[in-house]
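To keep things clear, I will list the structure first and then write my remarks on it.
2 protein chains.
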Amino acid sequence: MARTAGSHSQTTGPRVHDAALRLFAQHGFAAVSMRQIAAEVGVQAGALYNYTPDKQSLLFDLMRGHMDALLGERAARGGRGSPLARLEEFTRFHIRFHLARPDAVFVSYMELRNLSPENFAAIEGLRRSYENELEGILRDGVAAGLFAMQDTKIATLAVIAMLTGVTTWYRPAGRLSVDEVETVYWDMVRKTVAA
Amino acid sequence: MARTAGSHSQTTGPRVHDAALRLFAQHGFAAVSMRQIAAEVGVQAGALYNYTPDKQSLLFDLMRGHMDALLGERAARGGRGSPLARLEEFTRFHIRFHLARPDAVFVSYMELRNLSPENFAAIEGLRRSYENELEGILRDGVAAGLFAMQDTKIATLAVIAMLTGVTTWYRPAGRLSVDEVETVYWDMVRKTVAA
DNA sequence: GTCTATAAGTAGATAGAC
DNA sequence: GTCTATCTACTTATAGAC
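Chains as they are written, first to last, in this note's numbering: chain E, -6 to 188; chain B, -6 to 188.
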């Protein structure tokens, strides 16, 4: 099997997405020009329009791709077991998934303002359905007498905010492995919702 | 005491800051032009430069003003009492302070990327010293056997992330008062760090 | 599929009149 | 302190050659 292009084995399409994601995460969507993305890929600006109709669609595709990956992985795991076991699985998954793709997480969270209204509604719907899985786990736990909280919806958002916050400080070269970080957060989540 | 300018009693300087804060929060720093800010204030773009040397300084002034207000209020309260009482006071303060100025919170959090390196370092230092107060409370509580956690620094960041997350969903017209929201979050924070 | 060239508009910032 | 006018540079997006 011959290599077709050395280390540049990716086709231009995915390279445009990768470059845009990295640049949007670093400088912000509005601060990045199509020329900068093109330069990062190694083509001229006009060539980008073979892969996206416009800059807005490029942002939307990145965010939808991220949410699709998130929900796709959740669907593949299903939710069996006790609410406590499901909550631990969800917690560890959330940490691991988010730490594995910091740029996509950052962009999907910070650039919601720069989506057109229709695109914003689409991403919001996907995010909502992710939250709903956690809320279902919490409700089941409360019903079973395992968990206790004053407000299930607020607890859902509080737990997700706490967990997603890991992306602001975690660095792969740091003293803790992802597995250890998962355990530290699981300990806190468990106590937060404990009966 | 005569009114000097009817409902437009503010001088232009503060009005520039208010308009910039609102627009930066809504659309993002990079997406807002000096001309848009000027239009919001009701002057021409050139007039803005009587109040700021450039756009970057305008952003920095907004963020530094926010952090100064945050740290100023903390300094005015001091930290007496048991770690548990101090943690409750900190929690309720954080919620109340952040819900009272959503635009400043949003800008200070989302626009860090758009600060020059020196300005970024300055804001980071202020944010760090705010976190340090909470970390001190948690350490004291652990030393007193009141709290338990695997990692004080991570717990500090986790609690702040959980609390700051309130700004993503709270709306003044919602079903809960700020006081009730404080109580819901305090219940979760208390359990998160409980021994 | 990528290039060059360009259209049409906007950006931050400054100069000088009033 | 605010205005108008302007400089220089950059923006997204398109057209048409290769």
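Note that beta-carbon positions come from the ideal geometry of N, C-alpha and C, so glycine has one too.
Contact holds between the stretch 18 to 26 of chain B and the stretch 16 to 32 of chain E, because three or more Cβ pairs, one in each stretch, are under 8 Å apart. Residues of chain E whose Cβ lies closer than 7 Å to the Cβ of T185 of chain B are, in chain order, M181, K184 and T185.
By alpha-carbon distance to G6 of chain B, the top candidate from B:E33, B:L41, B:A166 and B:R67 is B:L41.
Listed in chain order, the non-local C-beta contacts of H59 of chain B below 8 Å within the same chain comprise R94, A97, V98, V100 and S101, local neighbours out to five positions each way being set aside. At a cut-off of 8 Å between beta carbons, M155 of chain B contacts chain E. By the rule that beta-carbons nearer than 8 Å mark a contact, I147 of chain E touches chain B.
When DSSP states are grouped into helix, strand and coil, F140 of chain B belongs to the strand group. Secondary structure in the stretch 91 to 173 of chain B: the alpha helix (DSSP H) runs of 4 residues or longer, each lying completely within the stretch, are 95 to 103, 110 to 136 and 145 to 157 in chain order.
With 16 or more neighbouring CB atoms inside 10 Å of its own CB, E104 of chain B falls in the buried class. Under a 10 Å Cβ-count criterion, T4 of chain E is classified as exposed, with fewer than 16 other Cβ atoms of the shown protein chains found around its own Cβ. Restricting attention to E:L16, E:G74 and E:V152, the CA atom closest to the CA of R183 of chain E is found in E:V152. Non-local beta-carbon contacts of G138 of chain B in its own chain, meaning distances under 7 Å to residues more than five positions away in sequence, involve A188 in chain order.
Under the three-state reduction of DSSP output, A13 of chain B falls in the helix class. F53 of chain B: member of the alpha helix (DSSP H) spanning K48 to R70, first to last residue. Residues of chain B with a Cβ closer than 9 Å to the Cβ of Y178 of chain E are, in chain order, I147 and A151. Taking every protein chain shown into account, the CB of A154 of chain E has 16 or more other CB atoms within 10 angstroms, so this residue is buried. W179 of chain E is a Cβ neighbour of R85 of chain E, given a cutoff of 8 Å.
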